[in-house]
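Residue numbers (the working numbering): 1030 to 1510.
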């Protein structure tokens, strides 16, 4: 009996996706570059299930029903290209290659064109949810060759998370759309995590709360508007005890790792000219954390700031909740603005409301307000920015003072809040009718003849001034990013 799909790469995500597929009635063939891994998997977690172990890519391909569907769960980069090269000679017209890793969307676009030139179809799909999501139901974001969607749709929607019976999986768009949306998802994840970490830092350093008190606060918040996976696991982490019954969190070194998707999101935003300030600051926060030895030396040079007295802990905890909620909304708003821009630039025909629905279950950034985001973009597909929707604008009108007071208090007490501060700064910039960019543009024209627009003429008319009397009337080429 032939297998429904083949999967290459039996790391954590690959193994769990295979078990998920098998549990939904699909027969799966598996291959791993280290064939010992295949054997141990077949004799271990896969034993007795409808899973076929293979020892070569050719054997994997020959075990598949047509049209053949081969999913790669290998490390992004060269390994993906090498696997594609190995597969192409073994496949036939109409067969489908699927990349389920965290590949850069530009690589996915290149690979789709190459694979299609060989009469095959290509899917680049984001898979979010970590180990547990892969096993029990992830959020899946497929894009690539439109002709491949109907073949993989039943399978992907069967294994995805479900909210009210609706699969957290739907077609994103052609080209690299699926991997782009997953990339931004990961960027929002970076921002969410950093915001929570900053709130935690203020709790322990300024409010001087115990782990039990912080756990209680996060548990309470998770029952309200901040209901989300990351707030939930933060509550669990704060209460987790080590073998000696002390809190494990207090023993974990404060240096954070990263795999690149947050950085890619920031780079994409810079190319698009979309201000993704909160998420970019969360990436840099990880970079600063990795400079542990330098930070230790700097702490010896610069004396700590004496903390101001706390008047009312409970009142300030309420401000922290308001601040976190406001900043989370801003983080998602920036992320969706980037997705919107990329969709328009690449002609992906993205449906932002549908994308929000895909993130309601299975994925790391699932939050209670994703339904509201979906409603906002479904009601008004031309919405300029998420925070202009009445639901979110009313929240920010109420909560921005909490964010403002928290950022100010943290600054006065020497507690770093790069992402909370970026959220507030972006909000104040976005709601400002007038910014000091008029002076900036005058400076650019002064030293580089870069021209400027005037308030008393139509947009699109550019002027140059001979500021010193020594320059000429020739202006530099006017351009925008």
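By construction, the Cβ of each residue, glycine as well, lies at the ideal position given by its N, Cα and C atoms.
Note that the structure is predicted; figures quoted are calculated from it, not measured.
Notebook entry, point to check: Under the three-state reduction of DSSP, which class applies to residue 1042: helix, strand or coil?
Noted result: Three-state DSSP puts residue 1042 in a helix.
Margin query: Measuring CB atoms only, is the region 1123-1134 touching the region 1063-1075, in the sense that at least three cross pairs come out at less than 8 Å?
Written below: no
Note to self: Is it buried or exposed, residue 1464, if we count other Cβ atoms within 10 angstroms and call 16 or more buried?
What the structure shows: exposed
Item checked: Span of the beta strand (DSSP E), counted from its first residue to its last, around residue 1413 -> Residue 1413 -> no beta strand (DSSP E), and no H or E assigned at all.
Check: For residue 1235, does the three-state DSSP call read helix, strand or coil?
Finding: Three-state DSSP puts residue 1235 in coil, outside helix and strand.
Checklist line | C-beta atoms of residue 1036 and residue 1048 nearer than 8 Å | finding: no
Checklist line | Selected residue, minimal CA-CA separation from residue 1229, among 1446, 1471, 1420, 1111 | finding: 1446
Checklist line | Coarse secondary structure for residue 1150, derived from DSSP in three states | finding: strand
Check: Between which two residues does the alpha helix (DSSP H) harbouring residue 1321 extend?
Finding: 1321-1330
Check: Taking Cβ positions, are residue 1397 and residue 1256 nearer each other than 8 Å?
Finding: yes
Item checked: Residue span of the beta strand (DSSP E) that contains residue 1168, given as start and end -> 1168-1173
Notebook entry, point to check: Thinking C-alpha only, which one of 1264, 1454, 1392 is nearest residue 1310?
Noted result: 1454
Next item on the list: For my contact list, residue 1491 and residue 1484 are in at a C-beta cut-off of 8 Å; report their separation, rounded to the angstrom.
Entry: Contact flag wrong, Cβ pair sits at about 13 Å.
Item checked: Contiguous alpha helix (DSSP H) assignments of at least 4 residues, all confined to the region 1069-1107 -> 1086-1091
Margin query: Tell me the rounded alpha-carbon separation between residue 1370 and residue 1302.
Written below: 9 Å
Next item on the list: Take residue 1186 and list the residues in its own chain whose beta-carbon comes closer than 7 Å to its own, dropping the five residues that flank it on each side.
Entry: Excluding sequence neighbours, residue 1186 sits near 1196, 1198.
Note to self: What does the Cβ neighbour count give for residue 1030, buried or exposed, with the cut at 16 atoms within 10 Å?
What the structure shows: exposed
Next item on the list: Reducing DSSP to helix, strand and coil, say where residue 1279 ends up.
Entry: Helix, per DSSP.
Check: From residue 1246 to residue 1119, what distance separates their C-alpha atoms?
Finding: 56 Å
Note to self: Does any residue of chain C have a CB that is nearer than 8 Å to the CB of residue 1326?
What the structure shows: Included in the structure is just one protein chain, with no chain C present.
Next item on the list: Determine the extent of the alpha helix (DSSP H) in which residue 1348 is found, giving its start and end residues.
Entry: Its alpha helix (DSSP H) spans residues 1342-1375.
Margin query: Suppose you measure from the CA of residue 1086 to the CA of residue 1034; what does that come to, to the nearest Å?
Written below: 13 Å
Next item on the list: Reducing DSSP to helix, strand and coil, say where residue 1438 ends up.
Entry: helix
Next item on the list: Could you check the C-alpha separation between residue 1072 and residue 1277 for me, to the nearest Å?
Entry: 34 Å
Next item on the list: Would you kindly check if the distance between the Cβ of residue 1207 and the Cβ of residue 1153 is under 8 Å?
Entry: Cβ distance < 8 Å, so residue 1153 and residue 1207 count as in contact.
Next item on the list: Give the C-beta separation of residue 1055 and residue 1184 to the nearest angstrom, bearing in mind that I take them to be a contact with Cβ-Cβ under 8 Å.
Entry: 6 Å
Check: Who are the near neighbours of residue 1147 in its chain, counting only those whose CB is closer than 7 Å to its CB and skipping five residues on each side?
Finding: So the list reads 1117, once near-sequence residues are dropped.
Margin query: For residue 1305 and residue 1363, which I take to be in contact (beta-carbon distance under 8 Å), what is that distance rounded to the nearest angstrom?
Written below: 5 Å
Next item on the list: Would you mind sorting residue 1389 into buried or exposed? The rule is 16 or more other CB atoms within 10 Å of its CB.
Entry: buried
Notebook entry, point to check: residue 1195 by DSSP, collapsed to three states: which one?
Noted result: strand
Next item on the list: Would you please state the rounded distance, in angstroms, between the beta carbons of residue 1127 and residue 1098? I believe it to be under 8 Å.
Entry: 7 Å
Notebook entry, point to check: Taking the DSSP output, what are the residues bridged to residue 1036?
Noted result: DSSP output for residue 1036 lists 1059, 1100 as bridge partner(s).
Notebook entry, point to check: Where does residue 1296 fall in DSSP's three states?
Noted result: Residue 1296 falls in the helix class under three-state DSSP.
Item checked: 7 Å CB neighbourhood of residue 1337 in its chain, flanking five on each side removed -> 1441, 1442
Margin query: Contact defined as beta carbons within less than 8 Å: I believe residue 1271 pairs with residue 1280. What is the distance between those atoms, to the nearest angstrom?
Written below: 6 Å
Check: To the nearest angstrom, how far is it from the Cα of residue 1424 to the Cα of residue 1349?
Finding: Rounded to the nearest angstrom, the two C-alpha atoms are 15 Å apart.
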